[in-house]
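Right, one structure below, let's go through it.
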Amino acid sequence: GAVVSQHPSWVICKSGTSVKIECRSLDFQATTMFWYRQFPKQSLMLMATSNEGSKATYEQGVEKDKFLINHASLTLSTLTVTSAHPEDSSFYICSASSLGGYGNTIYFGEGSWLTVV
Amino acid sequence: ELKVEQNPLFLSMQEGKNYTIYCNYSTTSDRLYWYRQDPGKSLESLFVLLSNGAVKQEGRLMASLDTKARLSTLHITAAVHDLSATYFCAVDTGRDDKIIFGKGTRLHILP
Chain A
12 GAVVSQHPSW VICKSGTSVK IECRSLDFQA TTMFWYRQFP KQSLMLMATS
62 NEGSKATYEQ GVEKDKFLIN HASLTLSTLT VTSAHPEDSS FYICSASSLG
112 GYGNTIYFGE GSWLTVV
Chain B
1265 ELKVEQNPLF LSMQEGKNYT IYCNYSTTSD RLYWYRQDPG KSLESLFVLL
1315 SNGAVKQEGR LMASLDTKAR LSTLHITAAV HDLSATYFCA VDTGRDDKII
1365 FGKGTRLHIL P
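Note that the protein sequences, when read in sequence, are chains A and B. Going by our numbering, the first sequence opens with residue 12, and the numbers climb by one from there. Going by our numbering, the second sequence opens with residue 1265, and the numbers climb by one from there.
Structure, rendered in structure tokens:
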């Protein structure tokens, strides 16, 4: 089946630095990908919709300049957390949809743990 | 704005018992998802429900959808410890495959 891969699985960075997380659809093309963040014992909160070849659409309350999203190809979206702070430490998950016989199916990546120290 | 409510949020139950998790949503939708999440892991897709009256079963889990009542249920039959996890429902907003998640139900099954 379709697979969505995230990299890195976990990353530790210093406060004030930037970190990039990649989301790849391995065997299908995804015109749309989604980025979520999840704090411990909470639900997934949609951060933004990543659109191939155009600007991402951010959810209310998500800082565009802090969470930079680039969807340069049909198989890759990247999320860059700029000037990271400890409160940005979270589990970041991406998803992508693949068109199938019964409509689109959504596949989730394995997630990326970010710890800012 | 679509809102998705799950209940209960926490559930501790004995092995062998049956229980149901409920997912209510506030606006019309034609697609509902159920996911399982183990600690420290991403989501595992359990069911996709596409139409009113849809019922799907996999092992001890059965999901149903009533679009008129805007309600989905996830029923657990004769629970076993391996089913301990957090279960999320998510509802399609109808816009570009965007889905909204419920808060999740943390299920703990006691041996």
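Positions of the beta carbon are idealized from the N, C-alpha and C atoms, including for glycine.
- Between which two residues does the beta strand (DSSP E) containing GLU1269/B stretch? 1268 to 1271
- Task: On the DSSP bridge assignment, give the partners of MET1277/B in chain order.
- Result: ILE1373/B
- Query: Quick one: is LEU1307/B near chain A, going by C-beta distance under 9 angstroms?
  - Reply: yes
- Message: Threshold first: 3 residues or longer. Then list the beta strand (DSSP E) segments lying entirely within the stretch 1304 to 1339 of chain B, N to C.
- Response: 1307 to 1313, 1319 to 1322, 1325 to 1330
- Query: For GLU1322/B, which residues from the same chain have a beta carbon less than 8 angstroms from its beta carbon, with the 5 sequence-adjacent residues on both sides left out?
  - Reply: LEU1310, PHE1311
- Task: Give a yes or no on whether 9 angstroms exceeds the smallest Cβ distance from VAL1312/B to chain A.
- Result: yes
- Might you give, ordered along the chain, the residues of its own chain that have their beta carbon closer than 7 angstroms to the beta carbon of GLU1279/B, omitting 5 neighbours on each side? ALA1343, VAL1344, HIS1345, ILE1373, LEU1374, PRO1375
- Going along the chain, which residues of its own chain have a beta-carbon closer than 7 angstroms to the beta-carbon of SER26/A, five neighbours each way excluded? ALA95, HIS96, PRO97, VAL127, VAL128
- Pick helix, strand or coil for GLY112/A, following the three-state DSSP scheme. The pLDDT assigned to GLY112/A is 48, lower than 50, so where the model puts this residue is not dependable, and the model offers no usable value.
- Message: I want to verify the contact list: residues of chain A whose CB lies under 7 angstroms from the CB of LYS1267/B, in sequence order.
- Response: Ordered by position in chain A, no residue passes the 7 angstroms Cβ test against LYS1267/B, which lies about 12 angstroms from the chain.
- Quick one: which residues of the stretch 116 to 127 of chain A get their C-beta closer than 9 angstroms to a C-beta of chain B? List them in chain order. THR116, ILE117, TYR118, PHE119, GLY120, GLU121, GLY122, TRP124
- Item | Within-9 angstroms CB hit, SER54/A to chain B | yes
- When the cut-off is 9 angstroms and only beta carbons count, does ILE1373/B lie next to chain A? no
- Query: First and last residue of the beta strand (DSSP E) that includes VAL30/A?
  - Reply: 30 to 36
- Query: Straight-line CA distance for SER61/A to THR68/A?
  - Reply: 7 angstroms
- Strand pairing of MET56/A, partner residues [DSSP]: ARG48/A
- Task: With DSSP collapsed to three states, give me the class of ASP1356/B.
- Result: strand
- Message: Tell me the rounded alpha-carbon separation between VAL15/A and GLY1358/B.
- Response: 22 angstroms
- Min CB distance ARG1370/B to chain A below 9 angstroms: yes
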